[in-house]
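First comes the structure, then the notes that go with it.
2 protein chains.
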Amino acid sequence: MPDGTTIIPTRRPRRRQDPERTRAAILEAACALLAKDGPEGLSVSQVAQLAKVNRGTAYQHFQTREQLLEATTTWVSEKLRRAVFGEAPVNSDVATLGDAQGVALRMAEFAMENPALGRVWLFELLASSRPASDPFWNQFKTSLEKFARSDQAQPGIDVDVHAVMVLIGTLLWPVFVRADSRSAKDRRQLVERFSNEMLRLSLQGTMRPEKFPELDAHLRAARGDKARRASAAK
Amino acid sequence: MPDGTTIIPTRRPRRRQDPERTRAAILEAACALLAKDGPEGLSVSQVAQLAKVNRGTAYQHFQTREQLLEATTTWVSEKLRRAVFGEAPVNSDVATLGDAQGVALRMAEFAMENPALGRVWLFELLASSRPASDPFWNQFKTSLEKFARSDQAQPGIDVDVHAVMVLIGTLLWPVFVRADSRSAKDRRQLVERFSNEMLRLSLQGTMRPEKFPELDAHLRAARGDKARRASAAK
DNA sequence: TTGATGATAAACAGCATTGTTGATTGATGG
DNA sequence: CCATCAATCAACAATGCTGTTTATCATCAA
Chain C
1 MPDGTTIIPT RRPRRRQDPE RTRAAILEAA CALLAKDGPE GLSVSQVAQL AKVNRGTAYQ
61 HFQTREQLLE ATTTWVSEKL RRAVFGEAPV NSDVATLGDA QGVALRMAEF AMENPALGRV
121 WLFELLASSR PASDPFWNQF KTSLEKFARS DQAQPGIDVD VHAVMVLIGT LLWPVFVRAD
181 SRSAKDRRQL VERFSNEMLR LSLQGTMRPE KFPELDAHLR AARGDKARRA SAAK
Chain W
1 MPDGTTIIPT RRPRRRQDPE RTRAAILEAA CALLAKDGPE GLSVSQVAQL AKVNRGTAYQ
61 HFQTREQLLE ATTTWVSEKL RRAVFGEAPV NSDVATLGDA QGVALRMAEF AMENPALGRV
121 WLFELLASSR PASDPFWNQF KTSLEKFARS DQAQPGIDVD VHAVMVLIGT LLWPVFVRAD
181 SRSAKDRRQL VERFSNEMLR LSLQGTMRPE KFPELDAHLR AARGDKARRA SAAK
């Protein structure tokens with residue numbers, strides 16, 4: 001970052017009445033209410049009230065309730081993205097995947113600290129018509145693809161299926177265990193339980209392969225199909 | 001009031017008195033609307049309209065909108081339970097776990113054929129204060145516990161975490177891929193993809209253990225902790 | 001100062017919903 | 001055959017939200 005550290009707030013020409021700040025306040029309030037009542041329960045009245053802003057003002061920033069909701073969702077997504085991947089801009093190809101383990105852990109921690117918010121965001125993503133336009137989902141899936149292509153990964157991972165499973169598991173486990181209404185200590189332990197089970201699953205799976213020879217065969221056959229389809233598509 | 005002969009023929013033939021059937025019709029309608037609009041969007045008016053029943057009638061069967069929603073949820077849960085575990089009553093201890101593979105597959109198929117309904121039910125389960133009171137969740141978790149104790153399973157499975165992951169993965173994958181608005185053929189293929197990835201994960205995990213010796217050590221240490229806690233609790 | 005922009009306040013029509021009440025109808029037992 | 005009672009229905013009042021509009025105030029830029 002450039003010499004921005006020395007800049008005193010007086011240097012920057014203050015905005016007239018700081019619409020930016022107002023907008024941010026509205027979005028923050030919307031976030032909080034979204035986490036409390038879910039997307040359906042979000043009313044412009046309540047948002048304005050919580051943001052200490054007139055209802056008309058909210059309508060000036062976001063023409064319709066639906067647009068406010070959409071803006072709030074991507075706002076949350078950005079928050080999540082920063083928490084997991086750091087402050088780097090979206091398109092920076094470097095450091096996309098420092099370590100898969102770290103990404104998984106930071107995601108689990110974020111989810112555990114914001115269970116309701118994570119839940120709501122996830123369901124908006126699922127309901128969205130174009131998931132690919134979501135900042136976090138994009139970067140997350142890219143990073144998982146990179147891992148799957150690396151030599152550290154088992155061969156044959158179905159990245160789409162796997163990304164969905166990991167994402168929703170991580171985000172909904174805190175919801176299931178009621179992470180809100182838990183002590184910080186409990187939450188730490190619950191994150192650890194989840195991470196360990198995920199790690200165990202990643203390293204060992206759940207079934208002893210030697211006990212399921214026929215399934216193993218089936219699996220290899222399916223992988224053969226996939227490879228054949230891929231080469232046929234060329 | 002004068003004799004009814006002059007009354008305009010807009011009178012709807014009154015439903016035959018059969019409370020059971022009426023109740024079922026209301027619940028079925030609620031199911032359909034639940035799948036379409038989600039729990040928040042469920043209005044008694046619409047339910048009554050779809051069930052071809054007066055709104056007041058619905059209020060007689062379910063005192064409040066909230067109760068209707070709750071009843072509908074367990075109705076769905078029962079449906080799911082039957083689809084996955086068969087018609088046997090809940091408490092029958094026999095045949096609880098014919099084969100874990102079959103359970104997983106039937107669940108995936110149900111989810112793929114009823115994506116919206118599965119999503120809503122799952123959401124209600126997550127929001128519920130006592131998941132243990134849900135018919136399907138109960139039986140599902142029991143069956144998974146049984147498997148984890150069997151000699152076919154890898155040791156050290158955290159059943160709670162794992163049950164949540166498998167359940168939500170199976171139910172939300174169809175939502176993610178927009179199983180509605182897909183052809184039957186597509187849906188079949190998508191079920192297969194999911195099942196294969198789940199199977200692959202169960203048999204092999206995602207990471208090559210030989211590449212992560214330190215993680216393997218960490219995992220064994222964690223398992224040691226758990227065992228120590230368990231023996232300390234005695 | 002002036003003009004433009006952001007923010008506030010209040011009021012309005014339209015709509016959908018909730019929950020309640022009293023009337024009506026059909027089944028059923030005596 | 002009728003009296004009773006529960007199931008059903010139509011209508012009502014109350015509420016809250018949406019989106020729009022109008023008038024007014026505050027703050028900064030030029």
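Here the protein sequences line up with chains C and W, keeping their order. Per UniProt numbering, the first sequence starts with residue 1, numbered consecutively. Per UniProt numbering, the second sequence starts with residue 1, numbered consecutively. For every residue, glycine included, the Cβ atom is placed at its ideal position computed from N, Cα and C.
- For serine 231 of chain W, none of the residues of chain C pass the 9 Å Cβ criterion, the least Cβ distance being about 18 Å.
- At a cut-off of 8 Å between beta carbons, glycine 102 of chain W makes no contact with chain C.
- Against glutamate 40 of chain W, the close residues of chain C are Gly38, Glu40, Gly41, in the order they occur along the chain (beta-carbon pairs closer than 7 Å).
- Taking a Cβ-Cβ threshold of 7 Å, the residues of chain C close to methionine 207 of chain W are Gln152, Ala153, Gln154, Ser202, Leu203, in chain order.
- Residue-level contact by beta carbon holds for lysine 211 of chain W and chain C, with a gap shorter than 8 Å.
- Among the residues facing chain W, phenylalanine 194 of chain C is included, as its CB has a counterpart in that chain under 8 Å away.
- Interface criterion not met: the Cβ of alanine 51 of chain W is under 8 Å from no Cβ in chain C.
- Non-local beta-carbon contacts of valine 175 of chain W in its own chain, meaning distances under 6 Å to residues more than five positions away in sequence, involve Pro115, Arg119 in chain order.
- When secondary structure is reduced to three states using DSSP, alanine 51 of chain C falls in the coil class, being assigned neither helix nor strand.
- Taking C-beta atoms as the reference points, arginine 23 of chain W and valine 44 of chain W fail to come closer than 8 Å.
- Within chain W, the C-beta atoms nearer than 7 Å to that of alanine 222 of chain C come from Asn196, in chain order.
- By alpha-carbon distance to leucine 201 of chain W, the top candidate from C:Asp180, C:Gln60, C:Asp216, C:Glu109 is C:Asp216.
- Chain W places no beta carbon closer than 8 Å to that of aspartate 180 of chain C, leaving this residue out of the contacts.
- The bridge partners DSSP lists for alanine 153 of chain C are W:Met207.
- Where glycine 41 of chain W is concerned, there is no enclosing alpha helix (DSSP H), because DSSP gives it neither an H nor an E.
- Per DSSP, the continuous alpha helix (DSSP H) segment holding serine 77 of chain C begins and ends at 65-85.
- At a cut-off of 8 Å between beta-carbon atoms, tryptophan 173 of chain C makes contact with chain W.
- When Cβ pairs closer than 8 Å are counted between the two stretches, the region 26-35 of chain W is seen to touch the region 71-79 of chain W, the count reaching three or more.
- Its chain contains no residue whose beta carbon lies nearer than 7 Å to that of glutamine 101 of chain C once the 5 sequence neighbours on both sides are disregarded.
- Cβ neighbours of phenylalanine 136 of chain C within its own chain (closer than 6 Å, five residues either side excluded): Ser77, Leu80, Arg81.
- Secondary structure note for arginine 106 of chain W: its alpha helix (DSSP H) is the uninterrupted segment 100-113.
- Under the three-state reduction of DSSP output, aspartate 186 of chain C falls in the helix class.
- With its beta carbon at least 8 Å from every one in chain W, methionine 107 of chain C lies outside the interface.
- The alpha-carbon separation between serine 195 of chain C and glycine 38 of chain W amounts to approximately 31 Å.
- A straight line joining the alpha-carbon of threonine 206 of chain W with that of glutamine 60 of chain W spans about 54 Å.
- Minimum Cα-Cα distance from glutamine 154 of chain C among the listed residues W:Glu197, W:Val47, W:Ala104 corresponds to W:Glu197.
- The beta carbon of leucine 105 of chain W sits closer than 7 Å to the beta carbons of Ser195 from its chain, once the five residues preceding and following it are set aside; these are given in chain order.
- The Cβ atoms of leucine 144 of chain W and valine 164 of chain W do not sit closer than 8 Å to each other.
- Within the region 116-134 of chain C, those residues whose Cβ lies closer than 8 Å to any Cβ of chain W are, in chain order, Arg119, Phe123, Leu126, Pro131.
- With a cutoff of 8 Å on beta-carbon distance, glycine 169 of chain C and glycine 169 of chain W are scored as near each other.
- Relative to asparagine 138 of chain W, the option among W:Gly56, W:Val47, W:Ala51, W:Val84 whose CA is nearest is W:Val84.
- Taking a C-beta distance under 8 Å as the contact criterion, leucine 190 of chain C and leucine 219 of chain W do not qualify as a contact pair.
- Here aspartate 134 of chain W is buried, its C-beta having at least 16 other C-beta atoms within 10 Å.
- Contact between alanine 51 of chain C and alanine 25 of chain C is confirmed by a C-beta separation of about 5 Å, below the 8 Å threshold.
- For the region 155-167 of chain W, the set of residues with a beta-carbon nearer than 7 Å to any beta-carbon of chain C comprises Gly156, Ile157, Asp158, Val161, His162, Val164, Met165, in chain order.
- In the DSSP assignment, valine 164 of chain C falls within the unbroken alpha helix (DSSP H) covering 159-176.
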